[in-house]
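Residue numbers (the working numbering): 283 to 840.
These notes concern the structure reproduced below.
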């Protein structure tokens, strides 16, 4: 047995404990490196020298053990600790941290690398790159329509910061809300005149004129003007009515279907007590289907006596007509906004029917009148029954801006359902639940979600997917080869990378606005440093002690 064996054992201890110190030093040096995974060194003994072989027991003696002397130690393994590091919030959208075991995929000079460090930013070309080495993050790019393709074909993630969205014309609108059950009828039904006509008025001087505001079945405001003229007969008055449209124009008598007060009017006689003689009729019908008018003028309560003029007219006892409106902005093919309104008016409470009319301002363009009006009916439970002529209603809009003519569908809900407009006891509130169409827009910002989708936010408030970051998962992360810059490459024992989307497939999600810190535990590293230091000191003593023994052997020849 040579004294050199103990000397070499001590040297192996010195050399390998120095490697342990080197590993600890590297861990401590990288305590603040983003995404760094610490390493550890484990030791094992080397070959052992046989002093004597053991023997089997016999019938007359017992067995003996083998005698061996160790020949030092070696590094058994240098393993990387892939435990999750803690997150540090940065608030920077492109700073990404991984929760799970997968890694980012980077392309640098046509070589593929993998990393846990998510310090990314956009370069001057819009590439999402590692700020330290320029490696381009890999994933999938969305189509112009915002659809991310299936599969895992990797391409450079590139964000077009000047991306624009073309204008999209509005073609579909879904309405929802409630029309209050028990609402009063919108269309004026009765205009009642009361008061006194002075019987001492001179023939035709003065005329007594009264105007009363009335409403058609779509809630438009009209006026009915009734004129009372004294005839040559002291007890007789001529009554004549005119209807004035919302624009202030008198509707020609020829357009009114039934107007008993048109033309020369009607003469009515009052008796000695000042009461109108009812024989010739005191209730007159005025109807115009094209204008949506159908009401009666009742003059039965008018008197004609020697008294002041107190004549007045009241429509439907001054009740408020039911008018419910909902409006929204629609867009034409050039991206110009227009206000589209739908007015709902009560037609028949007993039948639970309402009229609707679609309109746009005259300055915006014109609507095809054939589809601009209709009727909605409801079931006795408040659900939608039917829309006449069709549901969804369809109207053709011709913008005044030179944009293309567009057909707009208005969906009021599902028959027998409560997903659209209903009629219940709740207050009337109508609004658009959803619509398509938008003006042109430019990209103003983007965000990254936990599944790696990069979603752009545009100036018109819309969002659209731009890309998706993909991750790589390995069977054995410990088999990856570190190449510096917090990057790794594939090795023989790492396994083939499985590239997939963040989430369930990889078991890893992405946290935007955060970075994964080093997983080095300083208290553990300092403890290992003490152990390494003492191990180095002890092995140094073995070397010096072996040297002393060799010196004594050398002295034997003196």
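By construction, the Cβ of each residue, glycine as well, lies at the ideal position given by its N, Cα and C atoms.
Pairwise C-alpha distance: residue j and residue i
| i | j | result |
| --- | --- | --- |
| residue 377 | residue 402 | 6 Å |
| residue 381 | residue 363 | 15 Å |
| residue 568 | residue 640 | 26 Å |
| residue 858 | residue 665 | As displayed, the chain neither begins before 283 nor continues past 840, which places residue 858 out of reach and without an answer. |
| residue 833 | residue 318 | 48 Å |
| residue 758 | residue 304 | 24 Å |
| residue 794 | residue 374 | 8 Å |
| residue 283 | residue 352 | Reliability fails at residue 283, whose pLDDT of 47 lies under 50, so the model's placement of it is uncertain and the value that follows must be treated cautiously. So the two alpha carbons sit approximately 12 Å from each other. |
| residue 400 | residue 419 | 10 Å |
| residue 542 | residue 492 | 17 Å |
| residue 792 | residue 354 | 47 Å |
| residue 845 | residue 692 | In the structure as shown, the chain starts at 283 and stops at 840, and residue 845 therefore has no counterpart that could be examined. |
| residue 431 | residue 698 | 39 Å |
| residue 513 | residue 519 | 6 Å |
| residue 613 | residue 651 | 20 Å |
| residue 705 | residue 595 | 33 Å |
| residue 451 | residue 463 | 35 Å |
| residue 835 | residue 828 | 11 Å |
| residue 556 | residue 588 | 9 Å |
| residue 286 | residue 336 | 25 Å |
| residue 546 | residue 527 | 21 Å |
| residue 688 | residue 674 | 15 Å |
| residue 345 | residue 338 | 5 Å |
| residue 509 | residue 593 | 11 Å |
Residues near residue i in its chain [Cβ-Cβ closer than 8 Å; skip 5 each side]
| i | result |
| --- | --- |
| residue 712 | 457, 458, 459, 460, 461, 606, 607, 608, 624, 626 and 703 |
| residue 804 | 310 and 313 |
| residue 590 | 478 and 480 |
| residue 696 | 666 and 702 |
| residue 830 | none |
| residue 738 | 441, 445, 725, 727, 728, 745, 746, 747 and 748 |
| residue 707 | 462, 463 and 464 |
Residues bridged to residue i (per DSSP)
| i | result |
| --- | --- |
| residue 738 | 728 and 746 |
| residue 628 | 636 |
| residue 550 | 519 |
| residue 811 | None, per the DSSP bridge assignment. |
| residue 557 | 585 |
Residues near residue i by beta carbon distance below 6 Å, same chain, minus five either side
| i | result |
| --- | --- |
| residue 440 | 408 and 409 |
| residue 371 | 796 |
| residue 349 | 333 and 334 |
| residue 551 | 517, 518 and 559 |
| residue 576 | 569 |
| residue 681 | 614 and 647 |
| residue 582 | 564 |
| residue 735 | 747 and 750 |
Cβ neighbours of residue i in the same chain (closer than 7 Å, five flanking residues each side left out)
| i | result |
| --- | --- |
| residue 301 | 323 and 357 |
| residue 499 | 468, 469, 574, 627, 629 and 637 |
| residue 306 | 807, 810, 811 and 814 |
| residue 315 | 768 and 800 |
| residue 741 | 723, 724 and 726 |
| residue 416 | 390 |
Where residue i falls: helix, strand or coil (DSSP)
| i | result |
| --- | --- |
| residue 825 | helix |
| residue 478 | strand |
| residue 816 | helix |
| residue 608 | strand |
| residue 301 | helix |
| residue 567 | strand |
| residue 651 | helix |
| residue 293 | helix |
| residue 690 | strand |
| residue 803 | coil |
| residue 598 | helix |
| residue 683 | coil |
| residue 619 | strand |
| residue 665 | coil |
| residue 473 | strand |
| residue 580 | strand |
| residue 495 | strand |
| residue 753 | strand |
Selected residue, minimal CA-CA separation from residue i, among the options
| i | options | result |
| --- | --- | --- |
| residue 298 | 816, 519 and 829 | 816 |
| residue 447 | 798, 754 and 748 | 748 |
| residue 537 | 686, 717, 723 and 525 | 525 |
| residue 779 | 760, 414 and 496 | 760 |
| residue 566 | 554, 555, 549 and 553 | 549 |
| residue 507 | 496, 618 and 523 | 523 |
| residue 436 | 422, 633 and 662 | 422 |
| residue 503 | 289, 531 and 679 | 531 |
| residue 320 | 390, 398 and 683 | 398 |
| residue 635 | 616, 642 and 659 | 659 |
Below-7 Å beta-carbon distance, residue i vs any chain C residue
| i | result |
| --- | --- |
| residue 616 | Looking at the structure shown, chain C is missing, and only one protein chain is on hand. |
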